[in-house]
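The structure appears right after this line, and notes come after that.
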Amino acid sequence: MKLGVIADDFTGATDIAGFLVMNGLTTVQLNGVPGGTEKVSADAVVISLKSRSCLAAQAVKDSLASLDWLRAQDCGQVFFKYCSTFDSTAQGNIGPVTDALMAALDTDFTVICPALPVNGRTIYQGYLFVNGVPLNESGMRDHPVTPMRDANLMRLIQMQAQGRAGNVPAQVLDKGVDAVRAALADLKATGVRYAVLDALSDAHLETMGRAVADMALVTGGSGLADGMARAWAVPDRRAAAEAKGQPGKGRAVVLSGSCSQMTNAQVAAYKAKAPALRVAVDRAISDPDYPTELADWVMAQPVGLAPMLYATADPARLKAAQDRFGAARASAAIEQLFGAVAALLEAAGFDQFIVAGGETSGIVTQSLGITGFHIGPQIAPGVPWVRATSKPVSLALKSGNFGSERFFFDAQSLSPTADKDMT
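Using the numbering used here, you'd call the opening residue of the sequence shown number 2 and step up by one each time.
What follows is the structure, encoded as structure tokens:
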């Protein structure tokens with residue numbers, strides 16, 4: 002096994018797995034900490050955890066258990082994958098997990114690089130930008146769980162980890178692999194534990210991917226993993242690998258729990274053309290019959306564009322719901338509701354689930370009893386279709402800000418039964 006990935010949420014896991022498959026690496030994604038006796042034969046294994054917003058101690062525990070399993074598979078290199086917007090608070094969870102993995106792997110130096118230029122996530126002088134806007138001025142500033150109020154990755158990691166951070170600037174990346182390796186060595190020699198790598202282009206990702214090839218632990222977003230995978234690329238395997246994850250031929254549903262700016266735009270574009278129903282937070286909390294009512298509504302819609310259930314809301318509506326019910330209570334109720342609806346729809350014959358939001362994707366996957374995926378064709382950069390290894394169910398699991406405004410249409414266009422005129 003060339004690479005073992007520990008991802009902090011479900012959509013992040015499919016994001017990175019999609020890039021690995023694009024480079025021809027045979028890749029299996031497992032949901033949750035694998036069992037001690039589970040064996041996998043693949044170039045790469047991606048373990049998807051629900052550790053982004055849980056207590057830091059639980060995130061560390063699950064990440065170390067995943068590492069133990071990967072080491073038992075004779076994994077060559079470990080990658081800790083987090084979101085391209087570095088979603089975490091001053092208490093964690095990225096820093097504590099990184100430190101725990103470093104200690105377990107007996108290393109005192111690693112890199113930090115959440116960049117994904119193809120999706121507008123770039124790093125310059127150690128500052129993270131989203132579509133040209135500093136992270137703290139983007140939509141992530143008001144994220145309901147991990148509001149990002151600082152764009153400086155050195156400060157962010159130092160707030161929650163145990164050591165100093167430094168920066169490898171873009172000018173060094175421009176000089177090539179050897180220059181990056183020398184810069185990393187210089188930072189390590191001065192006692193720096195975390196090297197934040199600038200990245201303004203795919204060329205930078207490929208350069209740094211080769212520069213970190215010998216590191217025991219690498220941390221970052223899917224862009225860095227893409228750069229690393231290019232060194233191992235086996236292009237003639239890509240088509241066969243993607244075919245295993247091709248979506249099926251049954252009915253589809255869209256379940257949108259994300260409240261990101263892009264998901265709001267995607268929901269607005271889609272509900273103008275397709276059947277759509279907003280989920281009521283108060284009923285999600287108080288009405289045990291609500292999941293059945295929503296599933297019945299979905300099943301009653303005519304065949305065509307997939308019906309959509311959405312809790313997606315603009316910042317004002319979101320704040321009102323949080324003020325009334327509490328952020329954690331409202332989020333948990335919506336997640337559980339979508340999980341229950343998904344299980345009812347699967348029992349009714351639905352086999353394609355297009356899901357927006359990392360937490361929503363996680364609960365839907367768990368509710369459907371899916372423990373592993375084959376990775377299929379990319380719908381948008383970082384968002385592939387995936388097909389369960391144990392049953393004929395396909396999912397498109399989208400992080401909040403990924404994809405274009407037509408994402409929900411684009412996902413259905415890859416289905417074998419898609420009506421091209423509608424999508």
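For each residue, glycine too, the CB sits at the ideal point set by N, CA and C.
Beta-carbon gap between Phe1 and Val254 smaller than 7 Å: Because the chain in this structure spans residues 2 to 424, residue 1 falls outside the shown range and cannot be described.
Meets three-Cβ-pair contact criterion under 8 Å: the stretch 291-298 and the stretch 390-406: No, the stretch 291-298 is not in contact with the stretch 390-406.
Cα-Cα separation, Arg211 to Phe11: Locating residue 211 in the sequence shown gives position 210, where the first residue counts as 1. Locating residue 11 in the sequence shown gives position 10, where the first residue counts as 1. Arg211 and Phe11 have their C-alpha atoms spaced approximately 26 Å apart.
Buried or exposed (CB count within 10 angstroms, at least 16 for buried), Arg325: Walking along the sequence shown from the start, residue 325 turns up at place 324. Exposed.
Sub-7 Å separation of Ala91 and Gln161 beta-carbons: As a first step, residue 91 must be located in the sequence shown, where it is residue number 90. As a first step, residue 161 must be located in the sequence shown, where it is residue number 160. Between Ala91 and Gln161, the C-beta gap is smaller than 7 Å, which places the two residues in contact.
Buried or exposed (CB count within 10 angstroms, at least 16 for buried), Ala186: Walking along the sequence shown from the start, residue 186 turns up at place 185. The residue is exposed, with fewer than 16 neighbouring Cβ atoms inside 10 Å.
Segment contact flag, the stretch 45-57 with the stretch 7-23, C-beta cutoff 8 Å, min 3 pairs: A contact exists between the stretch 45-57 and the stretch 7-23.
Per DSSP, cross-strand counterpart(s) of Ser395: Reading the sequence shown from its first residue, position 394 is the one you call residue 395. According to DSSP, which records beta bridges pairwise, Ser395 is partnered with Gln353, Arg388.
Reference Pro97; option with closest CA among Ala60, Val79, Leu345: In the sequence shown, counting from the first residue as 1, residue 97 sits at position 96. Of the listed residues, the one whose Cα sits closest to Pro97 is Ala60.
C-alpha distance - Lys274 paired with Gly383, whole-angstrom precision: Taking the first residue of the sequence shown as 1, we reach residue 274 at position 273. Taking the first residue of the sequence shown as 1, we reach residue 383 at position 382. Straight-line Cα distance between these residues: approximately 25 Å.
Straight-line gap, Met155 to Asp290 (C-alpha atoms, nearest Å): Walking along the sequence shown from the start, residue 155 turns up at place 154. Walking along the sequence shown from the start, residue 290 turns up at place 289. Distance between the alpha carbons of Met155 and Asp290 is about 48 Å.
Cβ-Cβ separation, Ile7 to Ser67 (assumed contact under 8 Å), whole Å: By 1-based counting over the sequence shown, the position of residue 67 is 66. By 1-based counting over the sequence shown, the position of residue 7 is 6. Contact holds; Cβ gap of about 5 Å.
Tyr195, enclosing alpha helix (DSSP H) - first and last residue: Translated into positions along the sequence shown, residue 195 becomes position 194. It is not in any alpha helix (DSSP H) - Tyr195 instead sits in the beta strand (DSSP E) that spans 193-198.
Contact belief for Phe439 with Val365 at Cβ below 8 Å, rounded distance in angstroms: Because the chain in this structure spans residues 2 to 424, residue 439 falls outside the shown range and cannot be described.
Where the alpha helix (DSSP H) through Leu176 begins and ends: As a position in the sequence shown, residue 176 is number 175, starting the count at 1. The residue asked about is misnamed: residue 176 is Lys in this sequence, not Leu. DSSP places Lys176 outside any alpha helix (DSSP H), giving it a letter other than H or E.
Helix, strand or coil at Gly37 [DSSP, three-state]: If you number the sequence shown from 1, residue 37 lands on position 36. For Gly37, the secondary structure class from DSSP, reduced to helix, strand or coil, is coil.
6 Å Cβ shell around Val119 - same chain, five flanking residues per side excluded: Along the sequence shown, one-based indexing puts residue 119 at 118. Counting only Cβ-Cβ distances below 6 Å, and skipping sequence neighbours, we find Pro382.
Contiguous beta strand (DSSP E) assignments of at least 3 residues, all confined to the stretch 222-284: Counting whole runs of 3 or more residues, the stretch 222-284 contains the beta strand (DSSP E) stretches 252-257, 277-279.
Residues that DSSP places opposite Ala166 in a beta bridge: As a first step, residue 166 is located in the sequence shown; it is residue number 165 there, counting from the start. DSSP lists Tyr195 as partners of Ala166.
Exposure of Trp132, with buried meaning 16 or more beta-carbon neighbours within 10 Å: As a first step, residue 132 must be located in the sequence shown, where it is residue number 131. Before going further, note that residue 132 is Asn rather than Trp in the sequence given. By the 16-neighbour rule on beta-carbons within 10 angstroms, Asn132 is exposed.
Three-way DSSP call (helix, strand, coil) for Ser67 in this model: Walking along the sequence shown from the start, residue 67 turns up at place 66. In this structure, Ser67 counts as helix in the three-state DSSP scheme.
Sequence-distant residues of its chain with Cβ nearer than 6 Å to Gly164 (five each side left out): Position 163 of the sequence shown holds residue 164. Counting only Cβ-Cβ distances below 6 Å, and skipping sequence neighbours, we find Arg194.
CB contact flag (Gly5, Leu56, <7 Å): The sequence position of residue 5 within the sequence shown is 4, counting from 1. The sequence position of residue 56 within the sequence shown is 55, counting from 1. Taking 7 Å as the cut-off, the beta carbon of Gly5 is found no closer than this to the beta carbon of Leu56.
Near the ligand NAD: Ala186 beta-carbon under 6 Å from a heavy atom: Absence of the ligand NAD from the depicted structure is noted, as is the absence of any ligand whatsoever, leaving it without description.
Chain-order list of residues whose beta-carbon lies under 8 Å from that of Val304 (same chain, five-residue window excluded): Here residue 304 refers to the residue found at position 303 when the sequence shown is read from its first residue. Around Val304: Arg252.
Every unbroken beta strand (DSSP E) inside the stretch 78-111 [3 residues or more]: For the stretch 78-111, whole beta strand (DSSP E) runs of length 3 or above, ordered along the chain, are 79-82.
Through-space distance from Tyr128 to Val197, alpha-carbon basis: For this step, residue 197 is matched to residue 196 along the sequence shown. For this step, residue 128 is matched to residue 127 along the sequence shown. Roughly 9 Å between the two C-alpha positions.
Cβ shell of Gln247 (< 6 Å), same chain only, five flanking positions each side left out: Along the sequence shown, one-based indexing puts residue 247 at 246. If we look at Gln247 and ignore the five residues flanking it on each side, its Cβ neighbours are Gly377.
Arg5, enclosing beta strand (DSSP E) - first and last residue: Numbered from its first residue, the sequence shown carries residue 5 at position 4. Before going further, note that residue 5 is Gly rather than Arg in the sequence given. For Gly5, the enclosing beta strand (DSSP E) starts and ends at 4-8.
CB contact flag (Gly222, Pro115, <7 Å): By one-based count along the sequence shown, residue 222 stands at place 221. By one-based count along the sequence shown, residue 115 stands at place 114. The beta carbons of Gly222 and Pro115 sit closer together than 7 Å.
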